[in-house]
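Asker:
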Amino acid sequence: MRAKVIINPRSRRRGLTQIESDLRRLLRGHSLDIERTQYRGHAVHIARVAAADGYDRLIVAGGDGTINEALNGLVGSNMALGVIPAGTANDLATHYGLPHNTRKACRIISAGHIRRADLIRVNGWYYATVGGVALPSDVIAKAQQIRSWRFIGRVLPRVLGSQLYALSLALTFNRSCQRTSKLVLTSGGRKMYVDAFSLTVANQPLLGRRFIVSPEAATDDGLLDVYIIANNCSRFARWQTVIATTRGKQHNRVNVTMLQAPGLTIESSHPVTFFGDGELLLTGSRFKVEVIPNAVSILAPANREEK
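Numbering (my numbering), first residue to last: 4 to 310.
Following this line, the structure appears as structure tokens:
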């Protein structure tokens, strides 16, 4: 195995600086070339160069944001993606049953079992888990703001883990209720006009490790799973719907629309921000969202008992 390893030194994991030596010890016998990211977008460049140089594995030690960049560098190549989960939510790792323990994660990488998975592409940028606009973008923006605070911005993510997003939700909910997102959704020639409090486009069920936004979503079905909470109800009703999402029980609520489609166009009368894989990706008034089937190979357990 010839592998390029990308390490995000700003990851939430304690002692991340020790991962390099751990990887060399645990994956001895394999050819490893390790690089640390130095700036936003660096993982894209590292992955693209690795793909051009013929590496057959790309191992990422970081969170969903670092994985997102790496995916955008390796897509279209023959490299398989291995993950050492070290982020805040680790949604992709959770979905595939990838352990946080470095030794166990390396064992899965060495085993070489591959799962083919779809990716979602929005205006040319790829993501693997969940994306969307309105409320969840507000929550991501608040989480990023918290991380930028002096001292506490370094401590809170380590202490709270994925609960950072629950805190961000509590801090942004009322403000999000005051905003309207009147959108036009087009799929298969049919239009839908919605005033969305929250809109997600999912490739897997989980968002922020505890919100089951699309219980039926699958990473290999060639479909987008769209989940909309409408603005046409009270704040309390919207809050109840958000809470129901933590149990995946929101499908029968009157302010909820759920649908599946191979592609979707989202248009807004004013610029909005689209998030994906826990990061704010794009700002605009029109988003073309589509599934790219079998776009990536992920090194994952053959079954959950391997964890």
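Virtual Cβ for every residue (Gly too), placed ideally from N, Cα, C. Just so you know, these numbers come straight off a predicted model, no measurement behind them.
Should Asn-11 go down as buried or exposed, given a rule of 16 or more other Cβ atoms within 10 Å for buried?
Answerer: Here the question's residue 11 lines up with position 8 in the sequence shown. So Asn-11 counts as buried.
Asker: Measure the Cβ-Cβ separation of Leu-302 and Ile-22 and say whether it is below 8 Å.
Answerer: Here the question's residue 302 lines up with position 299 in the sequence shown. Here the question's residue 22 lines up with position 19 in the sequence shown. Result no, Cβ atoms of Leu-302 and Ile-22 do not sit closer than 8 Å.
Asker: Grouping DSSP H, G and I as helix and E and B as strand, with all else coil, what is Asn-297?
Answerer: To locate residue 297, count along the sequence shown from 1; it is residue 294. Asn-297: strand per DSSP, three-state reduction.
Asker: Between the beta-carbon of Val-142 and the beta-carbon of Gly-134, is there less than 8 Å?
Answerer: Here residue 142 refers to the residue found at position 139 of the sequence shown. Here residue 134 refers to the residue found at position 131 of the sequence shown. No, the pair does not count as a contact, with Cβ atoms beyond the cut-off.
Asker: Hey, quick one: how far does the alpha helix (DSSP H) through Thr-248 stretch, first residue to last?
Answerer: Here the question's residue 248 lines up with position 245 in the sequence shown. Note, Thr-248: alpha helix (DSSP H), 238 to 248.
Asker: Kindly provide the ranges of any beta strand (DSSP E) runs that are 3 or more residues long and lie completely inside the segment 204 to 278, ordered along the chain.
Answerer: Fully enclosed beta strand (DSSP E) runs of 3 or longer: 227 to 233 and 259 to 264.
Asker: Identify the continuous beta strand (DSSP E) that holds Thr-189 and give its terminal residues.
Answerer: For the purposes of this step, residue 189 is taken as residue 186 along the sequence shown, with counting starting at 1. Thr-189 -> beta strand (DSSP E) spans 185 to 190.
Asker: Would Ala-305 be called buried (16 or more neighbouring beta carbons within 10 Å of its own) or exposed?
Answerer: Position 302 of the sequence shown holds residue 305. So Ala-305 ends up on the exposed side.
Asker: To the nearest angstrom, how far is it from the Cα of Val-78 to the Cα of Ala-298?
Answerer: One-based indexing of the sequence shown puts residue 78 at position 75. One-based indexing of the sequence shown puts residue 298 at position 295. Val-78 and Ala-298: Cα-Cα distance of roughly 7 Å.
Asker: What residue does the alpha helix (DSSP H) around Asp-67 start on, and which one ends it?
Answerer: Taking the sequence shown and counting its residues from 1, one reaches residue 67 at position 64. Its alpha helix (DSSP H) spans residues 67 to 77.
Asker: Does the contact criterion of 3 or more C-beta pairs under 8 Å hold for the segment 260 to 277 versus the segment 286 to 293?
Answerer: Touching, per the Cβ criterion.
Asker: Where does Asp-198 fall in DSSP's three states?
Answerer: If you number the sequence shown from 1, residue 198 lands on position 195. Of the three classes helix, strand and coil, the one that applies to Asp-198 here is strand, per DSSP.
Asker: Near Arg-106, which residues of its chain fall below 7 Å by C-beta distance, leaving aside the five closest residues on each side in sequence?
Answerer: The count along the sequence shown starts at 1 and reaches residue 106 at position 103. Excluding sequence neighbours, Arg-106 sits near Leu-29.
Asker: Counting beta carbon pairs with one atom in the segment 142 to 152 and one in the segment 170 to 180, are three or more of them shorter than 8 Å?
Answerer: Touching, yes.
Asker: Check this for me: beta carbons of Ala-53 and Lys-7, under 8 Å apart or not?
Answerer: For the purposes of this step, residue 53 is identified with residue 50 of the sequence shown, where counting begins at 1. For the purposes of this step, residue 7 is identified with residue 4 of the sequence shown, where counting begins at 1. In this structure, Lys-7 lies closer than 8 Å to Ala-53 by Cβ.
Asker: Going by DSSP in three states, Glu-309 sits in which element: helix, strand or coil?
Answerer: Residue mapping note: residue 309 aligns to position 306 of the sequence shown, counting from 1. In this prediction, Glu-309 has a pLDDT of 44, which is less than 50 and means its spatial position is unreliable; what the coordinates show is noted afterwards. It is helical.
Asker: Which value, in whole angstroms, describes the spacing of the CA atoms of Met-4 and Val-245?
Answerer: The residue labelled residue 4 in the question sits at position 1 within the sequence shown. The residue labelled residue 245 in the question sits at position 242 within the sequence shown. Rounded to the nearest angstrom, the two C-alpha atoms are 44 Å apart.
Asker: Can you check which of these residues, Met-82, Tyr-42, Pro-88 and Thr-260, is closest to Ala-55 by C-alpha distance?
Answerer: The residue you call residue 55 lines up with position 52 of the sequence shown. With distances taken between Cα atoms, Ala-55 lies closest to Met-82.
Asker: Do you know offhand how far Ser-189's Cα is from Leu-267's?
Answerer: As a first step, residue 189 must be located in the sequence shown, where it is residue number 186. As a first step, residue 267 must be located in the sequence shown, where it is residue number 264. Per the sequence shown, the amino acid found at residue 189 is Thr instead of Ser. Spanning the two alpha carbons is a distance of roughly 6 Å.
Asker: Is Phe-290 helix, strand or coil when you go by DSSP?
Answerer: The residue labelled residue 290 in the question sits at position 287 within the sequence shown. Note: Phe-290 maps to strand in three-state DSSP.
Asker: To the nearest angstrom, report how far apart Leu-35 and Asn-235 are at their CA atoms.
Answerer: To locate residue 35, count along the sequence shown from 1; it is residue 32. To locate residue 235, count along the sequence shown from 1; it is residue 232. Cα to Cα, Leu-35 sits roughly 54 Å from Asn-235.
Asker: Among residues of its own chain, excluding the 5 on either side of Asp-67, which ones have a beta-carbon nearer than 7 Å to its beta-carbon?
Answerer: Reading the sequence shown from its first residue, position 64 is the one you call residue 67. Closer than 7 Å at Cβ, skipping near neighbours: Gly-90, Ala-92, Asn-93, Asp-94, Leu-95, Thr-132, Asp-280 and Gly-281.
Asker: Roughly how many angstroms lie between the CA atoms of Glu-309 and Asn-104, to the nearest whole one?
Answerer: As a position in the sequence shown, residue 309 is number 306, starting the count at 1. As a position in the sequence shown, residue 104 is number 101, starting the count at 1. Residue placement at Glu-309 is flagged as unreliable, the pLDDT there being 44, under the threshold of 50; a coordinate-derived value is accordingly withheld.
Asker: Is it right to say Arg-193 is buried, meaning 16 or more other beta carbons lie within 10 angstroms of its own, or is it exposed?
Answerer: The residue labelled residue 193 in the question sits at position 190 within the sequence shown. With fewer than 16 Cβ atoms within 10 Å of its Cβ, Arg-193 is classed as exposed.
Asker: One question on the structure: do Gly-211 and Pro-265 come within less than 8 Å of each other, judged by their Cβ atoms?
Answerer: Here residue 211 is taken as the residue at index 208 of the sequence shown, counted from 1. Here residue 265 is taken as the residue at index 262 of the sequence shown, counted from 1. Not closer than 8 Å, so no.
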